[in-house]
């Protein structure tokens with residue numbers, strides 16, 4: 503991999519977020535999309551075995567509600583380093599560039615031998631690993647950088663016992679109790695001044711939370727599957743839903759770290775026929 507200026511800038515940005523990972527929350531809770539920001543980082547699968555592949559994708563919203571479509575820089579480090587020391591050194595060779603035409607960054611989990619050599623011996627429940635992601639203002643690698651991190655697990659557990667991501671089965675837009683259908687541009691035309699948003703998971707494994715984001719500053723959702731959306735003005739509004747499933751990785755010292763599986767959807771609702 504070439505260690506050009508873009509790579510070094512991305513590596514430094516990733517290092518900055520990783521150094522702070524032990525003391526800040528990965529994603530702000532405010533629902534108003536007033537700037538470019540990370541809403542989620544998806545690891546698919548959330549828990550994988552040595553030798554398997556994991557696809558990582560970033561959900562980044564732009565200030566206007568559109569989804570960010572620029573490059574992403576990724577860096578994989580161990581979670582134990584963050585938990586115990588609050589920082590991590592990133593090898594430039596471990597920084598990967600995802601170009602806009604790539605739907606995800608695919609990482610092959612090293613073999614058990616290589617994992618031990620790189621990260622040390624595993625804990626009883628495997629390795630808690632962190633991946634850091636960096637996006638850029640206006641998709642320009644020389645622009646301002648925003649970063650986020652994601653915890654995932656590497657273990658040799660049987661597949662049926664591993665942590666998994668939740669799935670959003672449907673996200674309905676209701677008006678007067680009637681489900682609206684999207685138009686040819688995948689927009690929902692609201693006939694009145696408000697709609698009800700209702701999400702349904704494919705299955706409820708418990709500990710599900712629904713995180714809503716919108717381009718309306720007066721939107722104050724809770725963590726439930728059903729929300730009323732009533733913006734004060736006519737126009738088009740982007741709405742994101744991130745569904746999170748919480749797990750806890752139990753360390754050998756009997757402490758636990760929360761790991762979240764995620765799925766997401768984006769819709770656009772138009773009020774007033776504009």
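In the working numbering, the protein residues as written are 503 to 776.
Built from N, CA and C at the ideal position, the CB exists for glycine as well.
Per DSSP, which residues does residue 500 bridge with? Please list them.
In the structure as shown, the chain begins at 503 and stops at 776. Residue 500 is therefore absent and cannot be evaluated.
Around the Cβ of residue 554, are there at least 16 other Cβ atoms within 10 angstroms (buried) or fewer (exposed)?
Under this definition residue 554 is an exposed residue.
Tell me the rounded alpha-carbon separation between residue 625 and residue 706.
29 Å
Does the contact criterion of 3 or more C-beta pairs under 8 Å hold for the segment 643–662 versus the segment 616–635?
yes
Given a threshold of 16 other Cβ atoms within 10 Å of its Cβ, counted over all protein chains shown, does residue 680 qualify as buried or as exposed?
Result: exposed.
Using a Cβ-based criterion (distance less than 6 Å to any ligand heavy atom), does residue 573 qualify as near the ligand PLP?
Ligands in the displayed structure: none, and consequently the ligand PLP is not present.
Expressed to the nearest angstrom, what Euclidean distance is found between the alpha-carbon atoms of residue 524 and residue 653?
Reliability fails at residue 524, whose pLDDT of 41 lies under 50, so the model's placement of it is uncertain and no value is given.
Compute the distance between the beta-carbons of residue 743 and residue 683, then report whether it is under 7 Å.
no
Using the Cβ count rule (16 or more neighbours within 10 Å means buried), how would you classify residue 704?
exposed
Which stretch, first to last residue, makes up the beta strand (DSSP E) that contains residue 652?
647–656
Opposing strand residues paired with residue 567 [DSSP bridges]
The partner list for residue 567 (beta bridge, DSSP) is empty, contrary to what the question assumes.
For a quick check, are the C-beta atoms of residue 780 and residue 738 less than 7 Å apart?
Absent from the structure is residue 780, since the part of the chain shown begins at 503 and ends at 776.
Euclidean distance between Cα positions of residue 688 and residue 673:
13 Å
By the DSSP assignment, the beta strand (DSSP E) with residue 539 in it spans what residues?
Taken as a continuous stretch (DSSP letters only), the beta strand (DSSP E) holding residue 539 covers 539–546.
Which residue from 607, 751, 561, 536 puts its Cα closest to that of residue 575?
607
Let me know if residue 722 comes out buried or exposed under the rule of 16 or more other beta-carbons within 10 Å of its beta-carbon.
exposed
Run of the beta strand (DSSP E) containing residue 610, from where it starts to where it stops
607–610
Rounded to the nearest angstrom, what separates residue 543 and residue 692 at their Cα positions?
30 Å
Residue of 725, 708, 747, 635 minimising C-alpha distance to residue 532
725
In the DSSP assignment, what residue or residues form a beta bridge with residue 673?
701
Do residue 545 and residue 813 come within 7 Å of each other at the CB atom, strictly closer than that value?
Since the first residue shown for the chain is 503 and the last is 776, residue 813 is missing from the structure and cannot be characterised.
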